[in-house]
Amino acid sequence: MAQEALQRKKVHDSGEILDHLLNLDDQKRLIQTQVEQNQATLNARAKAIGTAVQQGQHEHAVELKSEVAQIKQENASLENRLHELQEAIQNQLLRLPNLPHASVPHGHGPAENEVVFLSDPSAESTHRELPHWEIAQQYKLIDFELGVKVTGAGFPVYLGAGARLQRALIQYFLDFNVAAGYTEIQPPILVNEDSGFGTGQLPDKEGQMYYVTEDRLYLAPTAEVPVTNLYRDRLLQENELPVLNTAYTPCFRREAGSYGKDVRGLNRLHQFDKVEIVQIVHPDHSYSVLEKMRDHVQSLVASLGMPFRILKLCGGDMGFASALTYDFEIWSAGQGRWLEISSVSNFESFQTNRLKLRFKDSQTGRTRLAHSLNGSALALPRVLAALLEFYTDSKGIKIPAVLQPYMQTDFIPKP
RNA sequence: GGUGAGAUGGGUGAGUGGCUGAAACCAACAGUUUGCUAAACUGUCGUACGGGAAACUGUACCGAGGGUUCGAAUCCCUCUCUCACCGCCA
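Counted from 1, the first sequence has number 412 at position 412 by the working numbering; the numbering is strictly sequential.
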């Protein structure tokens with residue numbers, strides 16, 4: 001069953017890996033039993049020596065000591081082997097992706113994703129003259145060249161109304177999330193190695209993250225990492241669930257090896273802004289919560305008034321840690337293509353297992369792993385791209401109604 | 001960067017070699033009692049892994065890793081982190 005599920009996530013040698021794991025586990029158990037039996041004997045002997053010495057039976061004590069020495073020696077090599085096996089199992093396990101939910105479509109890539117919502121059947125026939133990078137230049141909203149000078153490609157500089165538009169989007173998104181019950185968080189943007197493992201970026205995405213060698217810290221690729229890790233090593237009471245957090249952070253991605261028109265303008269950046277929502281919930285409710293998060297993001301995207309669609313990702317296109325993912329794509333009217341602006345996922349216990357994030361089940365009294373979910377609400381650059389393309393006409397840029405209070409205007413006239 | 005102190009269960013916090021998986025208190029849970037709430041009383045109450053159908057039982061864990069010892073939360077070494085004071089600084 002696990003093998004079939006793994007194959008859906010494009011783990012081709014899943015059979016081998018699982019056989020190997022099961023084999024390792026059998027060996028481990030066998031040796032663990034032996035080691036523990038020996039240790040039980042040692043513990044008993046230690047006690048016996050104690051009483052023997054107290055009662056002045058020194059010869060008996062000496063006898064016992066030599067016996068202990070022998071068992072210890074025997075156990076040393078067994079323990080070494082046990083540690084080796086445990087490490088091997090851990091390494092294998094860390095490299096195994098989360099299993100997809102039963103409803104996840106089969107498939108290898110974007111072509112097999114399932115469109116589950118389309119805001120407007122004629123979306124793809126919506127065309128505008130200019131791509132956003134030309135609008136941004138004309139209106140002096142973004143200067144890509146300046147960013148290259150200061151840092152490098154993929155680090156745009158937002159200017160004037162462009163900068164204000166960024167701030168308006170961030171604030172609107174945060175306010176929208178807070179109104180839905182999310183608590184706003186301002187987390188650190190640099191995270192340590194443990195946090196990277198906690199949410200599953202490590203070891204899977206080593207090399208995708210910027211790394212500060214001097215202090216051994218990673219630049220967060222998404223607020224998901226610091227915000228979810230807030231709850232690492234926590235044992236929550238059941239009544240503390242669900243946890244709803246939202247956070248705005250810049251996000252940093254190295255994204256090596258990408259080039260061409262797919263990455264022009266705001267399509268793909270090394271630094272970008274994103275407002276994230278994170279929930280930590282009772283495992284029995286995580287899928288109904290996922291649907292609620294999907295609805296929440298849907299109404300947020302819809303409020304911007306542009307064509308968009310929702311995809312249920314197929315196994316091959318899903319992330320390492322996810323069990324079920326909905327992607328939101330907005331129509332880029334100037335480029336004639338869909339752009340991903342949000343990804344909403346249920347990670348089930350994949351992250352919480354690594355995080356040791358548990359709660360006390362009030363019915364059974366047992367500790368159980370919570371489930372974690374997150375989603376973008378929303379990622380800025382492609383929203384801005386689509387917005388500029390969709391709302392610009394020969395006279396200027398119309399500001400969508402929901403952003404007008406933050407922009408303090410409804411229109412940016414053509415210069 | 002310098003100096004000093006520290007790291008124990010959900011929390012506070014005792015514990016300097018065997019009687020400590022760990023006192024006490026708080027929180028939590030179950031029950032008793034008073035009409036509800038509150039209070040009081042009684043009891044339960046760490047985690048992981050192994051064995052067992054289960055009752056239960058074995059092992060490990062007192063920041064992490066090593067060492068001394070028959071025996072380590074307790075002694076020694078290394079590392080990490082936290083706190084305080086000083087220096088520097090938005």
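Idealized CB from N, CA, C, for every residue including glycine. Owing to the predicted nature of the structure, the values given are computational and were not obtained by experimental measurement.
Judged by their CB atoms, Leu165 and Met407 are nearer to each other than the 8 Å cut-off. For the pair Thr199 and Val225, the Cα-to-Cα distance works out to about 6 Å. Nearest C-alpha to Asp284 among Val227, Ser349, Lys274 and Cys251: Ser349. Under a 10 Å Cβ-count criterion, His106 is classified as exposed, with fewer than 16 other Cβ atoms of the shown protein chains found around its own Cβ. Taking Lys205 as reference, the option from Glu193, Thr213 and Glu214 with the minimal CA-CA separation is Glu193.
Taken in chain order, the unbroken stretches of beta strand (DSSP E) that lie wholly in the region 379 to 404 and span 3 residues or more are 396 to 398.
Annotation: the continuous beta strand (DSSP E) that includes Gln271 extends over Gln271 to Val281. It is roughly 35 Å from the alpha-carbon of Ile399 to the alpha-carbon of Cys314.
Rounded to whole angstroms, the separation of the alpha carbons of Phe117 and Pro156 is 32 Å. Secondary structure remark: continuous alpha helix (DSSP H) runs of at least 4 residues inside the region 87 to 165, in chain order: 132 to 138 and 144 to 150. DSSP links His371 through a beta bridge to Val281.
If you look at Arg29, you'll find it in the alpha helix (DSSP H) that goes Ser14 to Gln54.
Sixteen is the threshold: when 16 or more other Cβ atoms of the shown chains lie within 10 Å of the Cβ of Lys9, as they do, the residue is buried. Between Pro307 and Ser119, the C-beta spacing is below 8 Å. If one requires a minimum length of 4 residues, the alpha helix (DSSP H) runs lying completely within the region 185 to 273 are 193 to 198 and 224 to 229, in chain order. For Asp327, the enclosing beta strand (DSSP E) begins and ends at Leu324 to Ser332.
Across the set Ala52, Leu94, Gly196 and Asn80, the C-alpha of Ala52 shows the shortest separation from the C-alpha of Ala61. When the five nearest sequence neighbours on each side are left out, the beta carbons in the same chain lying within less than 7 Å of the beta carbon of Arg234 are those of Leu357, in order along the chain.
Residue pairing of Arg167 in beta bridges, as defined by DSSP: absent, with no partner found. In the DSSP annotation of this structure, the continuous segment of the beta strand (DSSP E) that includes Lys312 starts and ends at Phe308 to Lys312. For Tyr182, the closest C-alpha among the options Gly162, Asn245 and Asp215 is that of Asn245.
Of the candidates Asn267, Val275 and Arg232, Val275 places its Cα closest to the Cα of Cys251. With a cutoff of 8 Å on beta-carbon distance, Phe411 and Leu300 are scored as not near each other. Contact between the region 263 to 274 and the region 379 to 389 is present: three or more C-beta pairs spanning the two stretches fall below 8 Å. Leu339: member of the beta strand (DSSP E) spanning Arg337 to Asn346, first to last residue. When secondary structure is reduced to three states using DSSP, Phe411 falls in the strand class. Rounded to the nearest whole angstrom, the CA to CA distance from Leu93 to Thr352 is 15 Å. Sixteen is the threshold: when 16 or more other Cβ atoms of the shown chains lie within 10 Å of the Cβ of Gln279, as they do, the residue is buried. Non-local beta-carbon contacts of Pro242 in its own chain, meaning distances under 6 Å to residues more than five positions away in sequence, involve Gln279 and Val281 in chain order. Counting along the chain, Arg358 sits inside the beta strand (DSSP E) bounded by residues Arg358 to Lys360. When DSSP states are grouped into helix, strand and coil, Thr352 belongs to the helix group. Each of Lys65, Leu355 and Val402 was checked against the Cα of Thr228, and the nearest Cα belongs to Leu355. A straight line joining the alpha-carbon of Ala370 with that of Ala69 spans about 45 Å. Counting along the chain, the unbroken alpha helix (DSSP H) around Ser286 starts and ends at Ser286 to Ala302. Distance between Glu87 and Leu202, taken at the CA atoms: about 16 Å. Segment contact: the region 28 to 46 against the region 70 to 81, three or more CB-CB distances shorter than 8 Å; contact assigned.
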